[in-house]
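K.L.:
I have a structure I would like to understand better, so I am pasting it below and will then ask my questions one at a time.
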Amino acid sequence: MQALRFRRGAELLLVLLAAIAGVLVLTRILSSVEAPLPDMGRVVNLLDRDIERVQANAPTLARTGNAAFIDDPFIQPLEAPPITAASAMVVDLSQRTILYGRDTHVPHAPASLAKLATAVVALEQAPADLRIQVPPEAAEQPPNVLGLRPGEVLTLQDLLFAMLLPSANDAAVTVADGIGGEAYTVAQMNDLARRLGLGNTTFANPVGFDSPDHRSTAFEMAVLAADAIERFPLIARIVSTRSYVIPARPNHGAYTATSLNGLLWSYDGALGVKTGRTKDAGGNIIAAAERDGRRLMVVLLGSSQRERDAAVLLDFGFQLLNAQG
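Laid out in structure tokens, this is it:
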């Protein structure tokens, strides 16, 4: 009897030891699996994430541009109002549909609309609080400029406000210098165009100066702008700002960046986005607005009255939505 009890006790001890060993093995396996990153949707916030990880995965961050907008089959055709732009497009950002287009795939000089690409690649490469020193060539840029002085040090965020609101060329040159230089920045801009599927878009500089290699279309600028404001909340906040004050610091002076987009003052529900003008381009604008929960965006290239044309087409777009019911 005593021997039987001893044998049963030994068997129970073996079972207990096996159970403990199994728990230890399971714990080791689970602890070796890296916890997944929190689900951030399409928002890329480099301040909260590992920069090298984001840079390594950068090509997967953008949607395919060819599928960004499709024609809306339910829109009732209405006679479009007269505008001066060579190319024009109205898109419903809420439904990702095209409401109106004129020569939307004809290449055109984008002018400073290209600064949206500069802003996107900058935020793909660096955190918004990155401190960047103003290079000597910033002082050599033609208007528009903020008046930055070589040697000053500003954050990338402040420079983006200056680059996207008054379209400051000295800020754009400084941003490009801070993230790797002009050649590197342009290469990243063209890689962004490739990732977005923008087959008719090429960038030659981070500022928007005219060049035979600096071209895009109304359709592809719409894709770029939609990607910028949807993927980067900071860019969406910047382009919807009327005026931004950069207070004086020990390493830089005080500056005020005011948007060139007059629709932010004159059009009900305006959300920004970006203006551009050069000799080759004429007047360009990407303008967005929201009414009754629907967001529209207009792209105009080669307009002699860009703000008027934009307001007319935004009104037309909302009229089309109302007619749709």
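For the sequence shown, the positions run 657 to 981 when this note's numbering is used. Glycine included, every Cβ here is placed at the ideal spot set by N, Cα and C.
Below 9 Å between beta carbons: does that hold for leucine 802 and asparagine 907?
P.N.:
No, the Cβ-Cβ distance between leucine 802 and asparagine 907 is not below 9 Å.
K.L.:
At the level of alpha carbons, what is the spacing between leucine 969 and glycine 807?
P.N.:
About 44 Å.
K.L.:
The beta strand (DSSP E) with alanine 782 in it runs from where to where?
P.N.:
Per DSSP, alanine 782 belongs to no beta strand (DSSP E) and is neither H nor E.
K.L.:
Count the C-beta pairs between the stretch 850-864 and the stretch 762-777 that are closer than 8 Å, then say yes if the count reaches three, no if not.
P.N.:
Taking 8 Å as the limit for Cβ pairs, the verdict is that the stretch 762-777 does touch the stretch 850-864.
K.L.:
Taking one C-beta from the stretch 812-832 and one from the stretch 908-923 each time, how about it: are there three or more such pairs within less than 8 Å?
P.N.:
They touch, by the three-pair rule.
K.L.:
Taking the CB atoms as reference points, tell me whether glutamine 961 and glycine 925 lie closer together than 9 Å.
P.N.:
Not a contact, by the Cβ cut-off of 9 Å.
K.L.:
Excluding five sequence neighbours on each side, which residues of the same chain lie with their C-beta closer than 7 Å to the C-beta of alanine 884?
P.N.:
Taken in chain order, the residues that qualify are Leu772, Ala775, Val776, Ile891.
K.L.:
Verify whether the separation of the beta carbon atoms of alanine 979 and tyrosine 923 is less than 9 Å.
P.N.:
For alanine 979 and tyrosine 923, no; Cβs fall outside 9 Å.
K.L.:
With distances taken between CB atoms, is the gap from histidine 764 to leucine 920 smaller than 9 Å?
P.N.:
For histidine 764 and leucine 920, no; Cβs fall outside 9 Å.
K.L.:
Where do the ends of the alpha helix (DSSP H) carrying asparagine 978 lie?
P.N.:
First-last of the alpha helix (DSSP H) with asparagine 978: 962-980.
K.L.:
Measure the alpha-carbon distance for alanine 755 versus valine 746 and round it to whole angstroms.
P.N.:
Residue 755 is actually leucine in this sequence, not alanine. The alpha-carbon atoms of leucine 755 and valine 746 are separated by roughly 5 Å.
K.L.:
Quick one: what does DSSP say threonine 753 is sitting in, helix, strand or coil?
P.N.:
Residue state, collapsed to three classes: strand.
K.L.:
Considering valine 954, what are the terminal residues of the beta strand (DSSP E) in which it resides?
P.N.:
Residues 950-959.
K.L.:
Quick check: threonine 931 and phenylalanine 817, are their CB atoms within less than 9 Å of each other?
P.N.:
No, Cβ-Cβ distance for threonine 931 and phenylalanine 817 is not below 9 Å.
K.L.:
Below 7 Å CB to CB, which residues in the same chain sit around methionine 877 once its five sequence neighbours on both sides are set aside?
P.N.:
Within the same chain, methionine 877 has close Cβ partners Pro766, Leu769, Ile942, Val955.
K.L.:
By DSSP, does isoleucine 942 sit in helix, in strand, or in coil?
P.N.:
Looking at isoleucine 942 - three-state DSSP - the assignment turns out to be strand.
K.L.:
Could you tell me whether the Cβ atoms of alanine 839 and methionine 953 are closer together than 9 Å?
P.N.:
No.
K.L.:
Mind checking which residues open and close the alpha helix (DSSP H) that includes isoleucine 894?
P.N.:
Unbroken alpha helix (DSSP H) run through isoleucine 894: 889-895.
K.L.:
Which parts of the stretch 767-855 are runs of the beta strand (DSSP E), unbroken and 3 residues or longer, counting only runs that do not cross its ends?
P.N.:
With a minimum length of 3 residues, the continuous beta strand (DSSP E) runs that stay inside the stretch 767-855 are 787-789, 809-811.
K.L.:
In angstroms with no decimal places, state the Cα-to-Cα distance between proline 798 and leucine 804.
P.N.:
Going by the C-alpha atoms only, they are around 12 Å apart.
K.L.:
Excluding five sequence neighbours on each side, which residues of the same chain lie with their C-beta closer than 6 Å to the C-beta of aspartate 785?
P.N.:
Same-chain partners within the cutoff: Thr811.
K.L.:
Where does isoleucine 902 fall in DSSP's three states?
P.N.:
The answer is strand: DSSP assigns isoleucine 902 an E or B state.
K.L.:
Is valine 879 helix, strand or coil by DSSP?
P.N.:
If DSSP states are grouped into helix, strand and coil, valine 879 belongs with the helices.
K.L.:
Can you give the Cα-Cα distance for aspartate 727 and valine 879, rounded to whole angstroms?
P.N.:
Near 14 Å, if we compare the C-alpha coordinates of valine 879 and aspartate 727.
K.L.:
Strictly by DSSP, which residues pair up with histidine 764?
P.N.:
Histidine 764 is bridged to Ser872.
K.L.:
Looking only at DSSP bridge pairs, what is valine 747 linked to?
P.N.:
BP columns for valine 747 point to Ile754, Met953.
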